[in-house]
Amino acid sequence: ILEELKNMWSGKVEMHIYGSGPLKNKLKRDLLKRGLYSITKFFGKTPRNILMKYLHTYDVMIMPSIYEACPYTLIEANVLGVPVVAFDLEWSKEFILDMVNGIKVPFNDIKKFAESVIKLKEMGMKIRTSSHHYAKQRFGSNVVLSQLLKVYQEVVE
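In the working numbering, the protein residues as written are 1169 to 1325.
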């Protein structure tokens, strides 16, 4: 995705990776081999408050995950006004409304993925505002609390 973005976008392209996992070294080698290491920054395990400080400054969040149960990172990004691009999989259907808080692209369509990132970046404040409002309506504390109370009442009765 990063390579495609670099080829398509005339402006600055930079990828930030937070967290760490067993594929980190393989990813670093692959980025180095493709000439993309210099535009990638690895932050490792990052405290949530620091991550939130950075997240709101990003134009688009890329979520290439093939499985998520409840993607808090996506919800947090949207609350901060950051739209998300992800593959059109079962989990993303539940969390992303195209052109409201992000874009879902066909699985493994890297070119479409990169085009979607650029499209959301070019939309600027319009999509950022939409993402924030969607997250507030769907995941706001009042909404979540009323859903929890409803579940509780169903279980108790």
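C-beta: ideal position from N, C-alpha, C; glycine also.
| query | result |
| --- | --- |
| Any 3 or more C-beta pairs closer than 8 Å across the segment 1262-1280 and the segment 1215-1227 | no |
| For K1174 and M1229, the rounded distance between their alpha carbons | 16 Å |
| Buried versus exposed, by CB contacts within 10 Å (16 or more), F1281 | buried |
| Cβ neighbours of H1184 in the same chain (closer than 6 Å, five flanking residues each side left out) | K1209 |
| Distance between I1169 and K1201 (C-alpha atoms, nearest Å) | 15 Å |
| Rounded Cβ spacing between N1276 and P1251 (contact assumed at less than 8 Å) | About 21 Å; that fails the 8 Å criterion. |
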